[in-house]
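In my numbering, the protein residues as written are 5 to 520. Every residue, glycine too, gets a C-beta built ideally from N, C-alpha and C. Please read all numbers here as calculations on a predicted model, not as lab measurements. What follows is a single structure, written as structure tokens, with notes after it.
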């Protein structure tokens with residue numbers, strides 16, 4: 005098996021240039037966080053709330069993102085940029101690990117451009133400006149892949165332990181890390197060096213360390229009726245109407261924006277090329293096919309999910325951890341046009357990323373470009389909180405109730421000075437999210453409350469749960485581009501939640517049918 009090592013001489017200028025570009029991108033992205041005038045997204049706020057009470061698991065995600073936010077905010081304070089601060093660093097780690105992996109499998113040039121390819125990927129430009137489980141996952145996924153590549157070269161306890169630790173970290177980040185296990189299983193079958201590495205005492209040690217690391221989350225899930233696992237399964241949404249080819253097309257078109265239009269098309273060619281190199285030798289090293297095993301199953305599974313029900317564009321993001329290595333290796337060999345396609349893609353991705361930063365930093369600029377809708381979810385939250393507090397004082401009410409978890413969490417974040425209590429109204433029989441699970445409005449709550457609702461269709465349902473219920477005001481917060489965040493505000497009292505049974509759902513269905 006051929007192993008590529010970094011030359012102390014001729015490769016150093018390229019290595020230094022790559023390191024300088026990655027460092028420059030990191031500094032730029034941290035500066036962009038500091039300059040961003042917008043608020044957190046609601047999911048980011050939820051992760052921040054988790055970080056206030058550390059545990060081994062939460063309603064919808066494993067715990068790693070909460071642990072990371074707790075670390076950055078403990079050091080740098082509670083500002084929005086501090087909540088997000090880990091994101092650009094995590095993507096920088098991913099870029100470095102993928103560069104090292106590609107350099108071992110191919111050569112330093114492929115490694116350098118792989119690192120740049122990841123750092124400049126369209127989705128990474130966006131993901132570096134927010135804190136998300138994808139950013140957390142990719143750092144673990146890429147580190148595990150690097151550890152596998154080193155372990156397949158020679159038995160080494162350091163990389164065995166790194167493989168187990170990184171895989172465990174990935175699973176504590178997001179359950180999409182199951183794709184990492186699938187890739188390891190495929191590598192074991194098709195790549196002889198990987199098979200020798202994994203079916204060894206070092207491989208067993210990696211597995212044992214992985215099991216030890218995730219055991220806390222497994223125990224937490226068992227103690228909480230496997231809440232996170234159940235939420236992940238429910239997110240697949242197989243309970244509704246099935247088979248939606250238009251959703252598959254939407255997902256595939258979305259990948260052009262996630263990975264880049266040229267990169268995604270070239271990935272198909274790179275995968276086909278990898279299969280053409282297949283031999284029947286059981287003892288053959290197949291590094292390209294090994295990378296395919298970490299990429300193609302992800303895309304196939306998520307494509308199937310999109311066709312059956314729905315899939316968000318980022319659900320296949322882990323495919324591009326190995327995918328970017330395949331694409332870079334393909335574009336750096338063969339006809340000269342491939343190199344130009346690589347350079348052009350990196351340039352295009354960078355221009356798009358810099359434009360995104362500029363639009364995020366300047367509200368007038370994004371509005372002038374017609375992009376107000378893209379930023380509506382992160383605008384106007386302090387103003388929203390202020391408007392709610394004014395009405396609460398006018399109504400002399402100290403308890404707020406929300407019917408939307410996003411609004412609820414944003415009030416928790418940006419209304420921390422509110423003196424009263426804040427609860428969630430629970431629409432379904434059981435809690436459907438972290439907010440409903442943790443802060444449900446108690447049955448028998450007799451005090452007057454102010455209900456803040458953004459869903460006019462739920463007004464009758466809300467009224468059914470209170471002895472007294474009247475509309476007292478409405479709120480309209482301008483978000484730019486002639487868009488508003490609107491709420492109906494109700495004063496209610498004596499909450500007694502009616503039973504959510506078949507009769508209740510029949511009443512709701514009849515109400516919907518009669519609606520204009």
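Near residue 43, which residues of its chain fall below 6 angstroms by C-beta distance, leaving aside the five closest residues on each side in sequence? 382 and 385
Using DSSP with H/G/I as helix, E/B as strand and the rest coil, what is residue 80? Look at residue 80 here: in three-state DSSP terms it is helix.
Find the nearest neighbour of residue 52 within the set 86, 148, 472 and 423, judged by alpha-carbon distance. 86
Take the Cβ of residue 450 as the centre, count every other Cβ of all protein chains shown within 10 Å, and call the residue buried at 16 or more, exposed below. exposed
Within the same chain, show all residues whose beta-carbon is closer than 8 angstroms to that of residue 419, passing over the 5 residues directly before and after it, in chain order. Result list for residue 419: 389, 392, 393 and 426, in chain order.
Assign residue 400 to one of two classes, buried (16 or more other C-beta atoms within 10 Å of its C-beta) or exposed (fewer than that). Answer is exposed; the Cβ neighbour count stays below 16.
Excluding sequence positions up to five away, which residues of its chain have a Cβ less than 7 angstroms from the Cβ of residue 335? 270, 342, 343, 345 and 346
Bounding residues of the beta strand (DSSP E) (the contiguous stretch that carries residue 142): Run containing residue 142: none in the beta strand (DSSP E); it sits in the alpha helix (DSSP H), 137–157.
Which class does residue 306 belong to by DSSP, given the choice of helix, strand or coil? helix
If we ignore side chains and look at the alpha-carbon of each, how far apart do residue 127 and residue 482 end up? 28 angstroms
Starting from residue 277 and walking both ways along the alpha helix (DSSP H), at which residues does that stretch end? 265–280
Within the continuous beta strand (DSSP E) that includes residue 494, where are the two ends? Per DSSP, residue 494 is one residue of the beta strand (DSSP E) stretching across 487–499.
Where residue 61 and residue 372 are concerned, what is the direct C-alpha to C-alpha distance, given to the nearest angstrom? 42 angstroms
Residue 3, enclosing beta strand (DSSP E) - first and last residue: In this structure the chain extends from 5 to 520, so residue 3 is not present and cannot be described.
Can you give me the C-alpha to C-alpha distance between residue 500 and residue 467, rounded to a whole angstrom? 10 angstroms
Cβ of residue 92 within 8 angstroms of Cβ of residue 34? yes
Cβ pair residue 16, residue 413 closer than 8 angstroms: Result no, Cβ atoms of residue 16 and residue 413 do not sit closer than 8 angstroms.
Would you call the CB atoms of residue 292 and residue 278 closer than 8 angstroms? At the C-beta level, residue 292 and residue 278 come within 8 angstroms of one another.
As assigned by DSSP and simplified to three states, the class of residue 472: strand
Three-state secondary structure (DSSP) at residue 436? coil
Which residues DSSP lists as bridging residue 484, in chain order: 487
Give a yes or no on contact between the segment 447–464 and the segment 486–499, applying the rule of three or more CB pairs nearer than 8 angstroms. yes
Collapsed DSSP secondary structure at residue 6 in the structure displayed: Low per-residue confidence applies at residue 6: pLDDT is 46, beneath 50, and the placement is therefore not dependable, though the value from the model is reported in the following sentence. Looking at residue 6 - three-state DSSP - the assignment turns out to be coil, as it is neither helix nor strand.
State the Cα-Cα distance for the pair residue 518 and residue 458, rounded to the nearest angstrom. Taken atom to atom, the span from the alpha-carbon of residue 518 to that of residue 458 is near 20 angstroms.
Find the nearest neighbour of residue 231 within the set 89, 461, 435 and 14, judged by alpha-carbon distance. 435
Does residue 227 pass the burial test, meaning 16 or more other C-beta atoms within 10 Å, or should it be called exposed? exposed
Can you check the segment 167–201 for any alpha helix (DSSP H) of at least 4 residues that lies completely inside it and give the ranges in chain order? 182–194
Other residues of its chain near residue 6: CB distance less than 7 angstroms, five sequence neighbours each side excluded: Caution is warranted here: a pLDDT of 46 is assigned to residue 6, below 50, making its placement in the model unreliable, and the coordinate value is therefore given only provisionally. For residue 6, where only same-chain residues beyond five positions count, there are no Cβ hits under 7 angstroms.
Going by CA-CA distance only, name the one from 440, 516 and 417 that's closest to residue 462. Closest by alpha carbon: 516.
So, does the segment 280–295 touch the segment 305–317, judging by three or more C-beta pairs under 8 angstroms? no
Is the beta carbon of residue 144 sitting closer than 8 angstroms to the one on residue 214? Cβ atoms of residue 144 and residue 214: not closer than 8 angstroms.
Under 6 angstroms Cβ to Cβ from residue 210, same chain only, skipping five residues before and after it: list those, please. 164, 167 and 168
Less than 8 angstroms separating the beta-carbons of residue 22 and residue 116? yes
Leaving out five residues on either side along the sequence, give the residues of the same chain with a beta carbon under 7 angstroms from the beta carbon of residue 65. 137, 178 and 232
Is there a C-beta anywhere in chain D that falls below 8 angstroms from the one on residue 86? The structure shown contains no chain D; it holds only a single protein chain.
Which of helix, strand or coil does DSSP assign to residue 89? In the structure shown, residue 89 adopts coil according to DSSP, grouped into three states.
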